[in-house]
Structures are given as structure tokens and as C-alpha cells.
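Residue numbers (the working numbering): 2 to 427. Read the structure below first, then the notes.
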Ligand SMILES: Cc1cc2nc3c(=O)[nH]c(=O)nc-3n(C[C@H](O)[C@H](O)[C@H](O)COP(=O)(O)OP(=O)(O)OC[C@H]3O[C@@H](n4cnc5c(N)ncnc54)[C@H](O)[C@@H]3O)c2cc1C
């Protein structure tokens with residue numbers, strides 16, 4: 002990777018293609034275009050590549066923790082081939098699994114005791130999601146799910162999909178699972194998930210800390226405008242999450258009014274649900290490896306590893322807001338920690354590292370979920386415009402794929418293919 006914010010002088014660049022965003026989708030797309038012999042410039046707003054792949058590396062060289070994408074889903078996930086099997090480790094299934102329910106730390110087994118466990122309910126929903134327009138909350142009501150079983154299932158949907166169950170489309174969830182070909186199991190990248198973007202970016206011209214503020218699309222020519230001059234190219238691939246466009250942080254000009262209005266409408270229908278991830282470093286080490294699911298909705302999924310001082314929170318939807326508020330109020334964070342992981346009671350916090358996806362101007366949330374009433378929004382967001390502007394990114398696959406890294410990679414490959422076909426006929 003070369004980075005334009007160091008040695009390269011400011012001023013406009015010229016390339017065949019400009020790619021906006023150096024997350025999994027943008028890097029996969031740029032890599033494929035470059036392999037096909039095109040010159041490509043990638044503009045990235047942040048001072049790092051990877052987007053929602055963001056790894057925390059403890060200062061003492063301990064095992065990394067993920068503040069964005071957590072695991073590689075499935076044994077046939079394309080990430081295995083990209084990284085190399087030797088660097089992939091299966092995530093152990095046998096860890097101490099706990100829940101927080103009614104303010105108390107409990108064995109996860111209580112979810113299944115006279116109740117249907119939330120993961121079994123989600124599996125049943127996949128098999129029989131009900132009619133178009135039915136929400137996940139509506140599906141649970143039809144199953145006569147009540148009490149703690151219902152609360153656990155609703156929180157499970159919130160944490161897996163970063164959306165409220167009454168907004169989530171039950172058929173959309175099922176369709177995304179049905180289309181997934183990544184296989185079974187969960188895997189970690191040894192050394193951190195951030196190895197993936199580093200590998201994808203090798204040899205690419207990526208300009209870090211260089212947000213695109215405006216994109217002008219003329220016939221056969223696009224101009225990506227940044228504070229350092231930007232890039233003029235024959236075509237552009239936009240991989241930013243929809244809220245970046247919907248919020249006006251990136252303005253598109255030069256398109257027919259109806260085409261632009263259609264894109265803005267699609268972006269507005271693809272909000273990303275709230276997300277907040279946090280590594281808390283304590284003055285003592287965990288006695289055991291534990292994963293806890295906070296049914297009460299204050300912490301999301303919480304993990305610690307035996308012998309390590311870090312606690313990782315991965316919180317979405319309402320839990321993201323609750324965790325954000327707890328971080329702003331240290332006594333509340335101490336109470337939350339001691340409720341979820343009683344061994345932390347009385348421990349001093351020596352470090353906090355957060356990724357606030359919900360308030361991040363270059364993301365605007367965790368990921369997109371299939372929502373009731375928005376079945377074709379992702380297809381409208383993905384559609385190329387005027388043979389010059391192409392779209393990739395996790396949100397372009399919403400409802401047809403799971404909202405994960407391998408979907409983002411696939412979208413980058415898809416956009417590169419669309420663009421190559423158009424340029425070949427010009
Ligand atoms: C908390 C959390 C947990 C997750 N867990 C998993 C998991 O376990 N497994 C999994 O596979 N996936 C997981 N995901 C989802 C996964 O991280 C995403 O699907 C994937 O990384 C999205 O890649 P992308 O390229 O589409 O978008 P992004 O990674 O968001 O990339 C878009 C890029 O565009 C840049 N950008 C934005 N605006 C501009 C601008 N104006 N100019 C230039 N650049 C701009 C951004 O900085 C960013 O780098 C998780 C995500 C979150 C947040």
C-alpha cells in the first residue's frame with residue numbers, strides 16, 4: 002500500500018477509476034480492478050484502512066480484540082483463502098456461557114429451561130419466516146413467545162441485526178441466511194482481523210485521511226473532490242455506508258435529478274443500526290474465559306479471556322446507547338461490569354478503547370438489516386448510474402446476504418465486474 006498523506010505532494014490525481022472508501026468492499030474492488038490492468042486511486046476518510054474491520058492490539062502484545070467485525074463466519078468463507086488457512090483459528094465453542102437476566106449473572110442454560118432458546122427461535126424463523134411484511138416481533142408473537150423467552154429472543158435479534166425486532170423483516174432475515182454459502186463454524190484471524198485489509202491493500206494507491214466531500218459525475222468523467230485535490234477518473238465506485246450520503250457529508254452533482262433523488266431515497270431507507278464496542282482494561286486478570294449475553298439490554302455480548310485484563314463489550318441497538326451512557330458515567334460502568342462479570346467488582350479501570358460506530362461520521366452505525374417495507378432498497382442503492390457511478394459495500398447486499406465482511410467483499414467484486422464490462426464497451 003502507498004499512502005498519499007505522507008510523501009505524495011497535494012494536487013489532483015488522474016486514474017481509470019476512483020474508489021471511495023478503503024473498507025473490505027472498496028479494497029476488494031480496487032484490487033480486482035488493478036489485477037485487470039486499470040489504474041485505481043482509493044480515497045479513505047480515516048487515517049487507517051479497514052473501515053468496520055478495526056482491531057485493538059493490547060500494549061503488552063497480548064491477543065488482539067476486535068472493535069468491529071468479530072469473527073469470520075463459516076468454513077467456506079472467502080477470507081480463509083485470502084488470509085491462508087495457517088492464519089485462521091476456529092473460535093472455541095466450549096467457553097463458560099452466561100447471561101444477565103433481571104439484573105443478575107446466570108448460567109446460559111436457564112434460557113433453555115422450559116423456554117425456547119433465542120438461537121433456536123432464530124433457526125425456526127429461518128425455516129418458516131411467514132408472509133412478506135411480517136416483522137421479527139410479529140413472528141415471535143405468532144409463536145406465542147412470552148416472558149423471559151420473548152425478552153431473550155428480542156434482545157438476540159437486536160444484537161445480531163442491530164435493529165429493533167418490530168422493524169426487522171422476518172422474511173428478509175430468512176432470505177439472507179438462505180443465500181449464505183459461507184458454511185459452518187466461526188473463525189478468528191490470528192494476529193487480528195486487520196490483517197485482511199492490509200493484505201487486500203498491498204500495492205494499491207490508498208490516500209488516507211482524505212475524505213471525498215463531493216463527487217461530480219459528467220459523461221464518461223468523474224471528479225472526486227477532496228481537501229487535497231482529489232481524483233479525476235473515467236468511473237467511480239462509491240463504497241461509503243448510506244448514512245454518509247443521506248447526511249450530506251458527501252454530495253453528488255452532475256447526475257440527472259431523478260437518478261440522484263432515487264439514490265438519496267434508497268440511502269434513507271438503509272439506516273445502520275446503532276453500535277458501540279468497548280475494550281475495558283482492568284488492574285487484574287480474568288479467572289476464566291467467559292462470554293455473556295446481556296438479556297437486560299445494557300451490554301450486548303461481553304467477553305473476557307482467562308489470564309487477560311481486558312473485557313470486550315460488543316453492543317448494538319439499545320444496548321449501544323446504554324453502554325455509551327455508562328462510559329460517560331464511570332460508576333455506572335463499574336456497576337455494569339460487576340453485574341455481567343462479578344469477578345470485576347472493585348477492579349480499577351486502567352484503559353478504555355471504544356469504537357462508537359453509531360456516532361462515527363464515516364459509518365453512521367453498525368450495519369444494515371432487512372427492514373419491513375424496504376425490500377428493494379438495497380437493490381436500488383446498488384444499481385449503477387449513467388455507466389460512470391458504481392456502488393459496493395455491505396448495504397448494497399442488505400436482505401440478500403448477511404451483513405458481514407464476506408458480503409462486503411462480494412459486493413466489491415460485483416461492482417468491479419460491472420465496471421469492467423462497461424469500460425470494455427466504451
Ligand atoms: C460491531 C460490529 C460487529 C461486526 N461483526 C461482524 C462479524 O463478526 N463478522 C463479519 O463478517 N462482519 C461483522 N461486522 C460487519 C462488517 O464489519 C461489515 O459488514 C464490513 O466491514 C463492511 O465493509 P464495507 O467496506 O462495506 O464498509 P466499511 O468497512 O464501513 O468501509 C467504508 C469505508 O468508507 C470510508 N468513508 C466513509 N465516508 C468517506 C468519504 N466521504 N470519503 C472517503 N472515505 C469514506 C470509511 O471510513 C470506511 O473505511 C460487524 C460490524 C460491526 C460494526
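Backbone N, C-alpha and C define an ideal beta-carbon position, used for all residues, glycine too.
Practice prompt. Within 10 angstroms of the Cβ of residue 145, are there 16 or more other Cβ atoms? Answer buried if so, exposed if not.
Written response: So residue 145 ends up on the exposed side.
Worksheet item: Looking at C-alpha atoms only, which residue of 275, 120, 51, 249 is the closest neighbour of residue 357?
Response: 275
Fill in: Where residue 30 sits in the DSSP three-state scheme
Here residue 30 sits in helix by DSSP.
Worksheet item: Is any heavy atom in ligand 1 found nearer than 7 Å to the beta carbon of residue 22?
Response: yes
Worksheet item: Are the beta-carbon atoms belonging to residue 75 and residue 183 less than 8 Å from one another?
Response: Result yes, Cβ atoms of residue 75 and residue 183 sit closer than 8 Å.
Worksheet item: Taking the continuous beta strand (DSSP E) assigned at residue 276, which residues delimit it?
Response: 276-283
Worksheet item: Using the beta-carbon count (16 or more within 10 Å), is residue 119 buried or exposed?
Response: buried
Discussion item. Using 8 Å as the cut-off, can you tell me whether the segment 66-80 makes contact with the segment 192-202, which would need three or more C-beta pairs spanning the two stretches below that distance?
Written reply: yes
Item to complete: Pull up the distance between the alpha-carbon of residue 6 and that of residue 230, whole angstroms please.
Response: Confidence at residue 6 is low in this model, with a pLDDT of 38, below 50, so its placement is unreliable and the value that follows should be read with caution. Rounded to whole angstroms, residue 6 to residue 230 spans 12 Å at the Cα level.
Item to complete: For residue 178, verify whether its CB is less than 7 Å away from any heavy atom of ligand 1.
Response: Checking every heavy atom of ligand 1 against the Cβ of residue 178, none is found closer than 7 Å.
Item to complete: Return helix, strand or coil for residue 239, following the three-state DSSP convention.
Response: strand
Worksheet item: Can you name, in chain order, every residue of its own chain whose Cβ lies under 6 Å from the Cβ of residue 162, other than the five neighbours on each side?
Response: The answer, listed in chain order, is 169, 370.
Practice prompt. Out of 419, 359, 312, 202, point me to the one whose CA is closest to residue 164's CA.
Written response: 359
Worksheet entry | Residue environment, residue 379, which counts as buried when at least 16 other CB atoms sit within 10 Å | buried
Worksheet item: Helix, strand or coil for residue 296 per DSSP?
Response: coil
Discussion item. Quick check: does the Cβ of residue 120 come within less than 7 Å of any heavy atom belonging to ligand 1?
Written reply: no
Worksheet item: Can you list the alpha helix (DSSP H) stretches of 4 or more residues lying completely in the segment 205-277, in chain order?
Response: 243-247, 258-269
Item to complete: For residue 217, verify whether its CB is less than 7 Å away from any heavy atom of ligand 3.
Response: No copy of ligand 3 appears in this structure; the ligands present are ligand 1.
Fill in: Candidates 45, 123, 187, 167: closest to residue 95 by CA position
187
Item to complete: Starting from the C-beta of residue 292, find all residues in its chain whose C-beta is less than 8 Å away, skip the five residues before and the five after it, and write them out in chain order.
Response: 96, 97, 98, 99, 302, 303, 304
Worksheet item: With burial defined as no fewer than 16 other Cβ atoms inside 10 Å of the residue's Cβ, what is the status of residue 148: buried or exposed?
Response: exposed
Worksheet item: If you follow the alpha helix (DSSP H) that residue 340 is part of, which residue opens it and which one closes it?
Response: Run containing residue 340: 331-341, per the alpha helix (DSSP H) assignment.
Fill in: Own chain residues within Cβ distance below 7 Å of residue 352, not counting five before or after
282
Item to complete: Report yes if the C-beta of residue 360 is less than 7 Å from at least one heavy atom of ligand 1; otherwise report no.
Response: no
Fill in: residue 91 versus residue 314 - alpha carbon distance
21 Å
Item to complete: With a threshold of 7 Å, establish whether the CB of residue 305 neighbours any heavy atom of ligand 1.
Response: no
Fill in: Per-residue DSSP class, three states only, for residue 420
helix
Worksheet entry | Residue from 366, 136, 403 whose Cα sits closest to the Cα of residue 53 | Cα-wise, what sits closest to residue 53 is 366.
Item to complete: For the segment 330-341 and the segment 233-251, state whether three or more C-beta atom pairs, one from each stretch, are separated by less than 8 Å.
Response: no
Item to complete: Could you tell me whether the Cβ of residue 140 comes closer than 8 Å to any Cβ of chain C?
Response: The structure shown has no chain C; it contains just one protein chain.
Fill in: Presumed contact (8 Å Cβ cut-off) between residue 308 and residue 337, rounded CB distance
Contact doesn't hold; Cβ gap of about 23 Å is too wide.
Discussion item. Give me, in chain order, the residues of the same chain whose beta-carbon lies closer than 6 Å to that of residue 285; leave out the 5 immediate sequence neighbours on both sides.
Written reply: 348
Item to complete: Out of 270, 327, 267, point me to the one whose CA is closest to residue 278's CA.
Response: Of the listed residues, the one whose Cα sits closest to residue 278 is 327.
Worksheet item: DSSP on residue 115, reduced to helix/strand/coil?
Response: coil
Practice prompt. With a threshold of 7 Å, establish whether the CB of residue 27 neighbours any heavy atom of ligand 1.
Written response: Residue 27 Cβ: within cutoff of ligand 1.
Item to complete: Check the DSSP bridge columns for residue 15 and list the partner residues they point to.
Response: Answer by DSSP bridge pairing, in chain order: 233.
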